[in-house]
Structures are given as C-alpha cells and as structure tokens.
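S.K.: Start counting the sequence shown at 154; every next residue gets the next number (my numbering).
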Amino acid sequence: MNSAAIYPPLAAPAANMFGNVPGYEGTMAGGGGYLPPPMPVEPVAPPQPGPTPEDWSIPSLSEDVAREAFKSFVNSNCCYSSGPADDGVITSMEPFNTYRYRLETFTESRSTEWAHKPHEGEPPDFYTQTAPRPWEIPATPPSLFTSHTEEIRVPYTSSIKECHTCHATGTMQCETCHGSGYEKDCWVCHGSGTNNDERCNRCDAKGRDRCTACNAHGSKECETCEGKKQLLTYINLKVEWTNNVEDDVVEQNSGLKLGDLSSVSGKELFKNSQYLLYPLIGFPNPAISQASERLVREHQSKYAQNSRILQQRQKVELIPITKVNYKWKGDSHVYYVFGNENQVSADDYPATCCCVIL
Ligand SMILES: [Zn+2]
Ligand SMILES: [Zn+2]
Ligand SMILES: [Zn+2]
154 MNSAAIYPPL AAPAANMFGN VPGYEGTMAG GGGYLPPPMP VEPVAPPQPG PTPEDWSIPS
214 LSEDVAREAF KSFVNSNCCY SSGPADDGVI TSMEPFNTYR YRLETFTESR STEWAHKPHE
274 GEPPDFYTQT APRPWEIPAT PPSLFTSHTE EIRVPYTSSI KECHTCHATG TMQCETCHGS
334 GYEKDCWVCH GSGTNNDERC NRCDAKGRDR CTACNAHGSK ECETCEGKKQ LLTYINLKVE
394 WTNNVEDDVV EQNSGLKLGD LSSVSGKELF KNSQYLLYPL IGFPNPAISQ ASERLVREHQ
454 SKYAQNSRIL QQRQKVELIP ITKVNYKWKG DSHVYYVFGN ENQVSADDYP ATCCCVIL
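1) Leaving aside the five residues before and after Q405 along the sequence, list all residues of the same chain whose C-beta is less than 7 Å from its C-beta, in chain order.
2) What residue ranges within the region 324-373 form continuous beta strand (DSSP E) runs of no fewer than 3 residues, ordered along the chain?
3) So is K391 buried or exposed if we call it buried at 16+ other beta carbons inside 10 Å?
4) Determine the direct distance from the alpha carbon of N459 to that of A158, and round the result to whole angstroms.
5) For the beta strand (DSSP E) that N228 lies in, which residues bound it at each end?
6) DSSP on L463, reduced to helix/strand/coil?
7) Which residues in the same chain have their Cβ closer than 6 Å to the Cβ of E379, if we skip the five residues on either side of it in sequence?
8) Rounding to the nearest angstrom, what Cα-Cα distance links K382 and C364 in this structure?
9) Please go through the same chain and pick out, in chain order, the residues whose beta-carbon is closer than 7 Å to the beta-carbon of S333, but skip the five residues on each side of it.
10) Taking C403 and N438 to be in contact with their CB atoms under 8 Å, please state how far apart those CB atoms are, rounded to whole angstroms.
11) Could you have a look at Q282 and say whether DSSP puts it in helix, strand or coil?
12) At a cut-off of 7 Å, is T299 close to ligand 3 when judged by its beta-carbon and the heavy atoms of the ligand?
13) When you compare the region 486-497 with the region 413-422, are there three or more beta-carbon pairs, one atom per stretch, that lie closer than 8 Å?
14) With the cut-off set at 8 Å, would you say T520 and I388 are in Cβ contact?
15) Name the DSSP beta bridge partners of N389, please?
16) Give the secondary structure of E494 by DSSP, where H, G and I count as helix, E and B as strand, and everything else as coil.
17) How about the region 256-269 and the region 482-493: do they share at least three Cβ pairs that are nearer than 8 Å?
18) For I159, which three-state DSSP category applies?
19) Distance cutoff 8 Å, beta carbons only. Does R263 sit that close to anything in chain D?
20) Could you compute how far the alpha carbon of V398 sits from the alpha carbon of R263?
21) Quick one: what does DSSP say H452 is sitting in, helix, strand or coil?
22) With 16 as the cutoff for other CB atoms within 10 Å, does H343 come out buried or exposed?
23) Ligand 2 and C364: does any heavy atom of the ligand fall closer than 7 Å to the residue's C-beta?
24) Are the CB atoms of R461 and F298 nearer to each other than 8 Å?
25) Just to check my reading of the structure: T347 and E336 have Cβ atoms closer than 8 Å, yes? What is that Cβ distance to the nearest angstrom?
Shown next as structure tokens:
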C-alpha cells in the first residue's frame, strides 16, 4: 500500500541525507520536475509517399436520410416540438464536406519525488547497490496511444525513519474531541449529568456525548504510518504515458461551427504510424499538407523536450457535411447533417417550447 504522501522538506532530514543519490540530485521532497529523457531525438524518417486518391467522394445525402436524422434529433430534445421536422419541406441540400487532419503523439515522461509509506517490514535497501537512473528503470508501456500512469519505487533508495506525524507513537490525538474522548454537551441534561434530579441516562451522567470519531478513546491510529510507528521513505518514480491528440479541420463556410465536428467521425482517407512521422506530402488539399507539416514539427519539438516520443500517428478524414434548407409555416430555416453518424445541428430550430424552465 503506497500512501504516496509527501512529507514537508523541513521535517525530512532523511531527504538531505539522500540528496546525493547518483542520478537523483535534483529530487525534492514534494515532487521534482519532469526529467528530460537522456537520448537525443533521432532523425526523422525518409519522406512517405502521399496518399493515393481513390474514390474520395461521399455519396450525397438523400432527403429521406436527412429528414430521418432531423426527426431523431428533434425527438431527443424534450423541449423541441416535432412540427418542423414532420411538416417542414426541404427546399435544397448543399454539400460542404471537409477534411480533418489528426495527429497523435504518444509520449512517455518520467518524474521523481521523495515519498513514504507505512513501514510494513520491508528491508531498507538504500545504498546496498547504486540506484538505477530514472530512464534505466524498466517500465512496460500500455498499448500504443493509450494514456496510463504508473508509480514505481526506485530500488536502492529506501530507508526507515520514525513517523514524523506521531513521533513514533503510532497514534495521534483525535481532532474532533481534542483528546478528551467527549464531544458536545448532552442535549438532554445540558452538561449537568442530571435530569430532573436523577442521573441522566442518555449520557450516563457524563454530561457530554461520547466522541464518535475516536469511539471515546481520545486518540486515533496515526494516519501517516497507519499505526506502524515507522515509515519507509524512498524515491518514487512516476511514469506517465500520454496520447497527445491535435486536430486541424479545413475551413468550410457552411455556417456549421467547427466545434460540432469534434464528436463525429468521417471517411478515413489516409493513415500511417511510425516512431517519428514525416509530414504528409502531396495531399490534394494543400491545407492538409500544411497542417501536417506544422503539427508534426510542433509536436516533435514540444514533446521531445520533457518526454520521450514513442510513436506518432496521423490520419486524414473526409467529414460529410450537408446544409439542409427547409420551409416551415412559410419561413426558411436551416439544419446541418454531418459526420458518419448523421449528427444534426439546428441552432435556429423554430419550435422550441419553454419546458426547459423547471
Ligand atoms: Zn475523539
Ligand atoms: Zn446527559
Ligand atoms: Zn505515525
């Protein structure tokens, strides 16, 4: 059981004693900074061929599909009445399909801090051997592009010290009753211990209520050492695997907000993955090549500073967007159907009722 608590540097003479663990000189009680990986970034891979254009068109949406998507959208909104979806007449449908470039950079970073846990008999191993450096400690990554955190006790850094919270007594004063074992005055006798000249039964004539936090003991097991009186202090290595995802969506002027697109998928046109990606070259839409060039460069310089890049993946999707113009009760309105999921957005829906006010 790793309490992973952090003890204050001033109350931790042991930390000074270990200040010279080779490879851990900068490790502070309370958490050190991120450790830069020792290896330089390797040169980028040779240029990859651009994607081969296949059939990149998306079959245009039929009116029936658009209407069905609109109806289920309206049904899922309790305060939209279904009139416009049932009786609206589609006047035109315009495609505004657009491209989305997505870059994922899967990184591993490592940081160290002094930590302690209740001592449960573990033999201290400080200086029995040289402690491995942070990036020498084996840690198995999760599957690629999956974020995960792991904490590892660095071997040969542990020692035993007395618990600073309870001064090695294993107990601490109950905060609720300040050690008295009793809490507030009894509400029946108001602290007198007697009720109508007889001893108060409720509080057993004590006049006060037993402290429930400590069961009237006045003390509790020390939370820091869990009653063990001693702590095992050691350097804790935190290994964090992070999938850093960034999107770039090519501008489209349909009127649909870009943020709406983050929840849908599109038709996958291209995808590749390698240790360090080379930007996509020769994509038919130059905005995508530019986004790839920029994001790959940014990610490789940003994430190589404080972490180790394990793998990168890039993907281009064509996201279907259809702007549907329709008439209801003589007025013109608009909704959008987008993504493989046929999601709908209708900011100007003309028949919202007031049931949202509860
Ligand atoms: Zn108490
Ligand atoms: Zn009483
Ligand atoms: Zn303690």
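Ideal Cβ positions, reconstructed from N, Cα and C, are used throughout, including at glycine.
M.R.: The structure says:
1) Working through the sequence shown from its first residue, we reach residue 405 at position 252. Excluding sequence neighbours, Q405 sits near F249, T251, I474.
2) 324-326, 335-338, 361-363
3) In the sequence shown, residue 391 corresponds to position 238, counting from 1. Buried, because 16 or more other Cβ atoms sit within 10 Å of the Cβ of K391.
4) The residue given as residue 158 occupies position 5 in the sequence shown. The residue given as residue 459 occupies position 306 in the sequence shown. Legend: pLDDT at A158 = 39, less than 50; position of this residue unreliable, value from coordinates given subsequently. Whole-angstrom Cα-Cα distance: 24 Å.
5) Translated into the one-based positions of the sequence shown, residue 228 becomes position 75. Premise fails: N228 lies in the alpha helix (DSSP H), 216-228, not in any beta strand (DSSP E).
6) Counting from 1 along the sequence shown, the entry for residue 463 is found at position 310. Note: L463 maps to strand in three-state DSSP.
7) On the sequence shown, position 226 is the one that residue 379 refers to. Here the set comprises P271.
8) Taking the sequence shown and counting its residues from 1, one reaches residue 382 at position 229. Taking the sequence shown and counting its residues from 1, one reaches residue 364 at position 211. Distance between K382 and C364, taken at the CA atoms: about 24 Å.
9) Translated into the one-based positions of the sequence shown, residue 333 becomes position 180. G371, listed in sequence order.
10) Here the question's residue 403 lines up with position 250 in the sequence shown. Here the question's residue 438 lines up with position 285 in the sequence shown. The question names Cys, yet the displayed sequence has Val at residue 403. With a Cβ gap of about 6 Å, V403 and N438 count as contacting.
11) For the purposes of this step, residue 282 is identified with residue 129 of the sequence shown, where counting begins at 1. Residue state, collapsed to three classes: coil.
12) In the sequence shown, the residue the question calls residue 299 occupies position 146. No, since every heavy atom of ligand 3 falls outside the 7 Å radius drawn around the Cβ of T299.
13) Counting Cβ pairs under 8 Å, three or more are found: they touch.
14) Coverage of the chain is limited to positions 154 through 511, which leaves residue 520 absent and any answer about it impossible.
15) To locate residue 389, count along the sequence shown from 1; it is residue 236. E266, R306.
16) For the purposes of this step, residue 494 is taken as the residue at position 341 of the sequence shown. In this structure, E494 counts as coil in the three-state DSSP scheme.
17) Flag = no, the region 256-269 and the region 482-493 do not touch.
18) As a position in the sequence shown, residue 159 is number 6, starting the count at 1. With a pLDDT of 37 at I159, under the threshold of 50, the modelled position of this residue cannot be trusted, and the question is left open.
19) Looking for chain D here will not work: only one protein chain is present.
20) The residue labelled residue 398 in the question sits at position 245 within the sequence shown. The residue labelled residue 263 in the question sits at position 110 within the sequence shown. Answer to the nearest angstrom: the Cα atoms are 20 Å apart.
21) Position 299 of the sequence shown, counted from the start, is the residue given in the question as residue 452. Of the three classes helix, strand and coil, the one that applies to H452 here is helix, per DSSP.
22) In the sequence shown, counting from the first residue as 1, residue 343 sits at position 190. With fewer than 16 other Cβ atoms within 10 Å, it is exposed.
23) Walking along the sequence shown from the start, residue 364 turns up at place 211. Answer for C364: no, Cβ out of range of ligand 2.
24) Stepping through the sequence shown from its first residue, residue 461 is reached at position 308. Stepping through the sequence shown from its first residue, residue 298 is reached at position 145. In this structure, F298 does not lie closer than 8 Å to R461 by Cβ.
25) Position 194 of the sequence shown holds residue 347. Position 183 of the sequence shown holds residue 336. Between E336 and T347 the Cβ distance is about 19 Å, and since that is not below 8 Å, they are no contact.
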